[in-house]
Amino acid sequence: MRRRAWRAGGRRRGGGPRYPGWLALPAAGWYAAFFLVPLGFVVAYSFAALEGYAGIAFAWNLDNYRSLWDPLYGGVFKRTLGLSLFGTAATLLVGFPFAYWLARYAQRKTLLLLLVVVPFWTSFLIRTYAWLIILDPEFPLFRALHSVGVVGADLNLLYTPKAIYIGVVYNYLPLMVLPLYAALERLDWSLVEAAQDLGDPPWRAFRRITLPLALPGVVAGSLLVFIPLTGEYLIPVILGGDKTVFAGNLIAQQFLEAHDWPFGSAIAVVVIAAMTVVLVAFSRIAARQETQGG
Amino acid sequence: MSDQESFWQRGVDRKGFVAAAGLAALAAASGGRLGADAFAAVGRDEAGGELLYYNWADYVNPKTYPAFEKATGIKVKKDFYASNEALLAKLKGGARGYDLAVPTGYMVQILAQEKLLEPIDWSKLPTVKKNINQKFRRLPFDPQDRYSVAKDWGTTGFIYRTDLVKERPTSWREFFTLAKTTYSGKVTVLDGIPEVIGSMAVMLGYSYNTDSKSQLDKVKQELIALKPHLLAITSTEYKQLLISGKAVLGLGWNGDGAAVAAKKPAQYVIGKEGGEFWVDSYVIPVGAKNPDAAHAWIDYVYGPKANAVETEYTYYGSPVKTSLLKGVLAAEILGNPAVFPPPNVLAKLEPNKVSARGTQLRNRIWTEFKAS
Numbered sequence: 489m490r491r492r493a494w495r496a497g498g499r500r501r502g503g504g505p506r507y508p509g510w511l512a513l514p515a516a517g518w519y520a521a522f523f524l525v526p527l528g529f530v531v532a533y534s535f536a537a538l539e540g541y542a543g544i545a546f547a548w549n550l551d552n553y554r555s556l557w558d559p560l561y562g563g564v565f566k567r568t569l570g571l572s573l574f575g576t577a578a579t580l581l582v583g584f585p586f587a588y589w590l591a592r593y594a595q596r597k598t599l600l601l602l603l604v605v606v607p608f609w610t611s612f613l614i615r616t617y618a619w620l621i622i623l624d625p626e627f628p629l630f631r632a633l634h635s636v637g638v639v640g641a642d643l644n645l646l647y648t649p650k651a652i653y654i655g656v657v658y659n660y661l662p663l664m665v666l667p668l669y670a671a672l673e674r675l676d677w678s679l680v681e682a683a684q685d686l687g688d689p690p691w692r693a694f695r696r697i698t699l700p701l702a703l704p705g706v707v708a709g710s711l712l713v714f715i716p717l718t719g720e721y722l723i724p725v726i727l728g729g730d731k732t733v734f735a736g737n738l739i740a741q742q743f744l745e746a747h748d749w750p751f752g753s754a755i756a757v758v759v760i761a762a763m764t765v766v767l768v769a770f771s772r773i774a775a776r777q778e779t780q781g782g
Numbered sequence: 005m006s007d008q009e010s011f012w013q014r015g016v017d018r019k020g021f022v023a024a025a026g027l028a029a030l031a032a033a034s035g036g037r038l039g040a041d042a043f044a045a046v047g048r049d050e051a052g053g054e055l056l057y058y059n060w061a062d063y064v065n066p067k068t069y070p071a072f073e074k075a076t077g078i079k080v081k082k083d084f085y086a087s088n089e090a091l092l093a094k095l096k097g098g099a100r101g102y103d104l105a106v107p108t109g110y111m112v113q114i115l116a117q118e119k120l121l122e123p124i125d126w127s128k129l130p131t132v133k134k135n136i137n138q139k140f141r142r143l144p145f146d147p148q149d150r151y152s153v154a155k156d157w158g159t160t161g162f163i164y165r166t167d168l169v170k171e172r173p174t175s176w177r178e179f180f181t182l183a184k185t186t187y188s189g190k191v192t193v194l195d196g197i198p199e200v201i202g203s204m205a206v207m208l209g210y211s212y213n214t215d216s217k218s219q220l221d222k223v224k225q226e227l228i229a230l231k232p233h234l235l236a237i238t239s240t241e242y243k244q245l246l247i248s249g250k251a252v253l254g255l256g257w258n259g260d261g262a263a264v265a266a267k268k269p270a271q272y273v274i275g276k277e278g279g280e281f282w283v284d285s286y287v288i289p290v291g292a293k294n295p296d297a298a299h300a301w302i303d304y305v306y307g308p309k310a311n312a313v314e315t316e317y318t319y320y321g322s323p324v325k326t327s328l329l330k331g332v333l334a335a336e337i338l339g340n341p342a343v344f345p346p347p348n349v350l351a352k353l354e355p356n357k358v359s360a361r362g363t364q365l366r367n368r369i370w371t372e373f374k375a376s
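So the sequence lines, in the order shown, correspond to chains A and B.
Start counting the first sequence at 489; every next residue gets the next number (this note's numbering).
Start counting the second sequence at 5; every next residue gets the next number (this note's numbering).
Next up, the structure:
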C-alpha cells in the first residue's frame with residue numbers, strides 16, 4: 489500500500505511524468521455527446537409535463553417528483569434496493585472463493601478465465617431465455633433432484649421471485665469474479681505467509697492481509713454488479729413472468745407503454761442521483777481503507 | 005392444409021416476442037435518431053423499388069413477400085415492433101424512413117394527432133376501393149379515411165384448454181372466477197394495459213373504455229385480487245404456456261386462440277359481457293422514403309387471392325368483402341366463428357378508445373397491479 493500512496497502523492501505534487509492531455513479528447517468528446525447531452529435531456533424532461541397521450545410541454549414543474557413521493561413507488565424502490573443488495577452480496581459470496589482459488593491455486597488459469605468470459609459471447613437475452621428451460625419443472629435436473637428427495641414434487645421456480653434471483657446471480661457473477669481475480673492475482677502471497685509465520689492463524693491473516701489487499705477488487709466488483717442491477721428489467725420480465733416491478737421496469741413502462749416521458753425521466757433522475765450517492769460513499773470507503781493500509 | 009402446417013410451425017405470434025420487445029427497448033433507449041440514420045443509410049444504398057415495412061412480428065404470410073415482389077418489382081425490407089406503444093415511442097423518438105406500419109385503431113388516431121403519419125392517396129388504391137367491405141371505410145378512429153386502410157381485425161377474449169379445464173366458461177365472470185379458484189397459478193393475462201383493464205371493466209358491467217375514477221378503482225381491486233393467481237403477465241409467451249399446459253386459462257387474442265387450438269384441445273371465447281373489437285390498419289409513417297411502394301403493397305393484398313393467403317396465415321378477420329373471399333379462402337376459416345364472429349357477438353364489442361385522462365388513470369392502476 490505504501491507504493492500506491494507514494495504514487496498518488498507524486499501525482500498531486502506534479503512530480504510524475506506529464507501526460508499529454510489531448511489524449512483524453514476523443515473520450516471526452518464521446519462522453520459529452522452521448523452521455524452528458526442525453527443526461528441533460530433526461531433532466532430537462534423530468535421537469536416537463538405530459539400533454540394528452542404523448543405530447544410534452546416543457547416547463548419548470550416538480551409534479552413528476554412529487555408524484556414519486558408515494559408508497560407505491562417507495563415500495564418499488566425498496567424492492568429494487570433489496571434486489572441490488574442481494575445480487576451484490578450473493579455474487580460476492582459465490583465469486584470470492586472461486587476468484588481466490590483461481591488466483592492462488594488453480595492450474596489452468598487462462599482456460600478457466602476464458603470459461604468465465606465465454607458466456608459474454610452469447611446475447612444476454614438468449615442466456616436469460618435459456619434459464620426458462622432450466623427452471624422448467626419438467627427439466628431433468630428437477631426430476632433428478634426430486635427422485636433423490638432433495639426437492640418436493642411441487643417445486644416450481646419458473647415465474648417466481650426466486651427465478652429472478654437465480655437469473656441475477658448467474659448473469660452478474662462474471663462482473664464480480666473478474667475484478668476480484670484481478671485484485672487477488674496481483675496479491676503478494678508471501679505477505680500472507682509472513683503473517684502466518686509470525687503467528688497469525690489463517691483466518692486472521694486473511695482478515696488482516698488478504699481482505700484489505702483485495703478490497704479494491706471487492707469495491708470494483710460490487711459497483712459493477714450493484715449499479716446495473718438497479719436498472720435491471722429484462723430478468724424480471726423473462727424469468728419473473730413480468731409480475732414484479734423494479735425501478736427498471738417502472739422506467740421502461742413509462743417510456744414504452746405509458747408514454748409518460750417526463751415521469752419516466754424523473755424516476756431515472758432519482759435512480760441516477762441515488763447511484764451517485766452510493767458511488768461517492770463507496771469511493772470514500774475505498775479511499776479511507778487505502779490510507780489506513782498505507 | 006399445407007398452409008396451416010407452415011402457420012403452426014412458426015414460433016412467434018402477432019405481438020412478437022420478448023426478444024423483439026427487448027431490442028425495441030434498446031433501440032428506444034439508444035434514441036430513435038440512431039435508428040433513423042441507419043435506415044437513411046439503407047435507403048441511400050438501395051434506392052428505388054424498396055419498401056421498408058415496420059410491423060408486428062410474424063403478421064404477414066412469408067409467401068406474400070416474393071409474390072408481391074414478382075407482381076410489382078418492389079423488394080420488401082422488414083423491421084418489427086412488439087406493441088403499439090413501442091411503435092409510437094420509436095416514431096416519436098424520431099425514427100424515419102419506414103414506408104408502412106400497422107398500428108391498431110386507437111394508435112392510428114394518436115399517431116395522426118402527433119403528426120406522425122402521411123396521408124393516404126386513395127387514387128393509388130383502385131383494388132382497395134373495389135374490394136373493401138364498406139364497414140371498414142371511415143372507421144371512428146379515422147373518420148375521413150385520411151391516414152389509414154384496414155389490414156385485418158380481431159377480438160380480445162380468453163382461451164382455455166378444453167382437456168384440462170372441466171368447466172365450459174362463456175363469460176368473463178366465469179373466466180376470472182375459475183382463474184382465482186380451481187386453476188389458480190395456471191392463468192396468464194396479456195401484458196397489455198387496455199386489454200386487461202378493459203376486459204375486467206366489461207366483467208363488472210362497465211364500458212371497455214371507461215375512464216371513470218370510481219369504476220376504475222373497482223377494476224383495480226379486482227385486478228389486485230387476481231394477481232396472486234397469475235402464472236405470468238405476457239403477450240408473447242402465453243401461446244406456448246397454453247400449448248404446454250403450464251397455463252390452462254389465458255386472456256388473449258383470437259388469432260392466438262386459433263393457433264393454440266390447432267395444436268391442443270382448446271377453445272377461444274368472446275366473453276358474454278362483451279370485450280374488445282380491434283382493427284389493425286395500414287398507415288404511412290411520416291418521412292416515408294417510398295410511399296408509392298406502400299400504396300402498392302396495400303393495393304396488392306386487397307386482391308382476393310392475395311388476401312386469402314394472408315388470412316390463412318394470421319387467422320384474423322379480413323376487411324375484404326365476404327362475397328369475394330368465398331371460393332378463394334378455405335371454407336373452414338370463413339366459417340370459423342373465432343376468425344369471423346357472427347354479427348350478434350360483434351354487436352357487443354367495443355374498439356379501444358380511452359381518453360387521455362383515462363389512459364393516465366389506467367397507467368397508474370397497471371403499475372399498482374404489477375407491483376402488488
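Ideal placement from N, C-alpha and C gives every residue a C-beta, glycine not left out.
Environment of residue 148 (chain B) [buried if 16+ CB atoms lie within 10 Å]
What you label residue 148 (chain B) is simply residue 144 of the second sequence in a count that begins at 1. Exposed, because fewer than 16 other Cβ atoms sit within 10 Å of the Cβ of residue 148 (chain B).
Beta bridge counterpart(s) of residue 162 (chain B) as assigned by DSSP:
Mapped onto the second sequence, residue 162 (chain B) falls at position 158. DSSP, once it has assigned bridges, lists B:255, B:273 as partnering residue 162 (chain B).
Could you please tell me which residues of the region 548 to 564 of chain A, in chain order, have their CB closer than 7 Å to any CB of chain B?
Flagged, chain order: 560, 563, 564.
Are residue 242 (chain B) and residue 258 (chain B) close, meaning C-beta to C-beta below 8 Å?
For this step, residue 242 (chain B) is matched to residue 238 along the second sequence. For this step, residue 258 (chain B) is matched to residue 254 along the second sequence. Contact flag unset, no.
Less than 8 Å between CB atoms is the rule here; does residue 746 (chain A) satisfy it with respect to chain B?
Reading the first sequence from its first residue, position 258 is the one you call residue 746 (chain A). Cβ-Cβ to chain B under 8 Å: yes for residue 746 (chain A).
Residues of the region 308 to 321 of chain B in Cβ contact with chain A at a cutoff of 9 Å, in chain order, please.
none
Is the CB-CB distance between residue 116 (chain B) and residue 63 (chain B) below 8 Å?
Reading the second sequence from its first residue, position 112 is the one you call residue 116 (chain B). Reading the second sequence from its first residue, position 59 is the one you call residue 63 (chain B). Going by C-beta atoms, residue 116 (chain B) is not nearer than 8 Å to residue 63 (chain B).
Buried/exposed call for residue 519 (chain A), threshold 16 Cβ in 10 Å:
Mapped onto the first sequence, residue 519 (chain A) falls at position 31. Residue 519 (chain A) comes out exposed.
Counting only beta-carbon atoms, is residue 650 (chain A) nearer than 8 Å to chain B?
Your numbering for residue 650 (chain A) matches position 162 in the first sequence. Not an interface residue.
In terms of residue numbering, what span does the beta strand (DSSP E) encompassing residue 59 (chain B) cover?
To locate residue 59 (chain B), count along the second sequence from 1; it is residue 55. Per DSSP, residue 59 (chain B) belongs to the beta strand (DSSP E) from 54 to 60.
In whole angstroms, give me the CA-to-CA distance for residue 189 (chain B) and residue 235 (chain B).
For the purposes of this step, residue 189 (chain B) is identified with residue 185 of the second sequence, where counting begins at 1. For the purposes of this step, residue 235 (chain B) is identified with residue 231 of the second sequence, where counting begins at 1. So the alpha carbons of these two residues sit roughly 5 Å apart.
Considering Cα atoms alone, identify which of A:536, A:534, A:514, A:690 is closest to residue 787 (chain A).
Absent from the structure is residue 787 (chain A), since the part of chain A shown begins at 489 and ends at 782.
At a Cβ cut of 7 Å, what residues of the region 170 to 195 of chain B count as close to chain A, listed as they run along the chain?
195
Entirely enclosed alpha helix (DSSP H) segments - the region 171 to 211 of chain B, minimum 4 residues
176 to 184, 197 to 207
Beta carbon proximity, residue 540 (chain A) to chain B, threshold 8 Å:
Position 52 of the first sequence holds residue 540 (chain A). Residue 540 (chain A) counts as touching chain B.
Does residue 358 (chain B) come out as helix, strand or coil in the three-state DSSP assignment?
One-based indexing of the second sequence puts residue 358 (chain B) at position 354. In this structure, residue 358 (chain B) counts as coil in the three-state DSSP scheme.
Give me the Cβ distance between residue 675 (chain A) and residue 591 (chain A), rounded to the nearest whole Å; I'm assuming they're in contact under 8 Å.
Position 187 of the first sequence holds residue 675 (chain A). Position 103 of the first sequence holds residue 591 (chain A). At roughly 7 Å, the Cβ-Cβ gap stays under 8 Å, so residue 675 (chain A) and residue 591 (chain A) are in contact.
Cα-Cα separation, residue 729 (chain A) to residue 656 (chain A):
Within the first sequence, the letter at position 241 stands for residue 729 (chain A). Within the first sequence, the letter at position 168 stands for residue 656 (chain A). Roughly 14 Å separates the two Cα atoms.
Might you give, ordered along the chain, the residues of its own chain that have their beta carbon closer than 8 Å to the beta carbon of residue 360 (chain B), omitting 5 neighbours on each side?
Taking the first residue of the second sequence as 1, we reach residue 360 (chain B) at position 356. Closer than 8 Å at the Cβ level, and outside the excluded window around residue 360 (chain B), lies no residue.
Using the beta-carbon of each residue, which ones in chain A are nearer than 9 Å to residue 234 (chain B)?
Along the second sequence, read from residue 1 onward, the residue named residue 234 (chain B) stands at position 230. Within chain A, the residues near residue 234 (chain B) are 647, 729, 731.
Going along chain A in order, which residues have a C-beta closer than 8 Å to the C-beta of residue 268 (chain B)?
For this step, residue 268 (chain B) is matched to residue 264 along the second sequence. Those do not exist, as residue 268 (chain B) stays about 16 Å from chain A at its closest Cβ, beyond 8 Å.
Can you grab the Cα-Cα spacing for the pair residue 143 (chain B) / residue 153 (chain B), in whole Å?
In the second sequence, residue 143 (chain B) corresponds to position 139, counting from 1. In the second sequence, residue 153 (chain B) corresponds to position 149, counting from 1. In a straight line, the C-alpha of residue 143 (chain B) is about 9 Å away from that of residue 153 (chain B).
Unbroken alpha helix (DSSP H) run spanning residue 564 (chain A), endpoints
Position 76 of the first sequence, counting from 1, holds the residue named residue 564 (chain A). If you look at residue 564 (chain A), you'll find it in the alpha helix (DSSP H) that goes 559 to 592.
Rounded straight-line distance, which links the Cα of residue 276 (chain B) to that of residue 348 (chain B)
On the second sequence, position 344 is the one that residue 348 (chain B) refers to. On the second sequence, position 272 is the one that residue 276 (chain B) refers to. Near 11 Å, if we compare the C-alpha coordinates of residue 276 (chain B) and residue 348 (chain B).
Assigned exposure category for residue 727 (chain A) - 16 Cβ within 10 Å defines buried
Against the first sequence, residue 727 (chain A) aligns to sequence position 239. With 16 or more Cβ atoms within 10 Å of its Cβ, residue 727 (chain A) is classed as buried.
Assigned secondary structure, residue 518 (chain A) (DSSP; H/G/I helix, E/B strand, else coil):
Counting from one through the first sequence, the residue named residue 518 (chain A) turns up at place 30. Residue 518 (chain A) falls in the helix class under three-state DSSP.
Cα-Cα separation between residue 509 (chain A) and residue 522 (chain A), rounded to whole angstroms:
Position 21 of the first sequence, counted from the start, is the residue given in the question as residue 509 (chain A). Position 34 of the first sequence, counted from the start, is the residue given in the question as residue 522 (chain A). Their Cα atoms are separated by approximately 21 Å.
Beta carbon of residue 224 (chain B) nearer than 8 Å to that of residue 373 (chain B):
Here residue 224 (chain B) is taken as the residue at index 220 of the second sequence, counted from 1. Here residue 373 (chain B) is taken as the residue at index 369 of the second sequence, counted from 1. Result yes, Cβ atoms of residue 224 (chain B) and residue 373 (chain B) sit closer than 8 Å.
What in chain A is Cβ-close to residue 226 (chain B), meaning under 8 Å?
Within the second sequence, the letter at position 222 stands for residue 226 (chain B). Within chain A, no C-beta atom comes less than 8 Å from the C-beta of residue 226 (chain B); the nearest is roughly 16 Å away.
Counting only Cβ pairs nearer than 7 Å, list the residues of chain A close to residue 197 (chain B).
Translated into the one-based positions of the second sequence, residue 197 (chain B) becomes position 193. The contact set of residue 197 (chain B) on chain A, defined by CB atoms closer than 7 Å, consists of 745 in chain order.
Would you decide whether residue 217 (chain B) is buried or exposed? Buried here means 16 or more other CB atoms lie within 10 Å of its CB.
Within the second sequence, residue 217 (chain B) is the residue found at index 213, counting from 1. The residue is exposed, with fewer than 16 neighbouring Cβ atoms inside 10 Å.
Residue 328 (chain B) in three-state terms, based on DSSP
On the second sequence, residue 328 (chain B) is found 324 positions in, with the first residue counted as 1. Of the three classes helix, strand and coil, the one that applies to residue 328 (chain B) here is helix, per DSSP.
Where does residue 26 (chain B) fall in DSSP's three states?
Numbered from 1 along the second sequence, position 22 holds the residue referred to as residue 26 (chain B). Annotation note: pLDDT 43 at residue 26 (chain B) (below 50); position unreliable, coordinate value reported separately. In this structure, residue 26 (chain B) counts as helix in the three-state DSSP scheme.
Tell me where the beta strand (DSSP E) around residue 284 (chain B) begins and ends.
Counted from its first residue, the second sequence places residue 284 (chain B) at position 280. First-last of the beta strand (DSSP E) with residue 284 (chain B): 279 to 286.
Between which two residues does the alpha helix (DSSP H) containing residue 701 (chain A) stretch?
Looking up residue 701 (chain A) in the first sequence gives position 213. Taken as a continuous stretch (DSSP letters only), the alpha helix (DSSP H) holding residue 701 (chain A) covers 699 to 718.
Give a yes or no on whether the minimum CB-CB distance between residue 29 (chain B) and chain A is below 8 Å.
Here residue 29 (chain B) is taken as the residue at index 25 of the second sequence, counted from 1. Confidence at residue 29 (chain B) is low in this model, with a pLDDT of 42, below 50, so the placement of that residue is unreliable and no value is reported for it.
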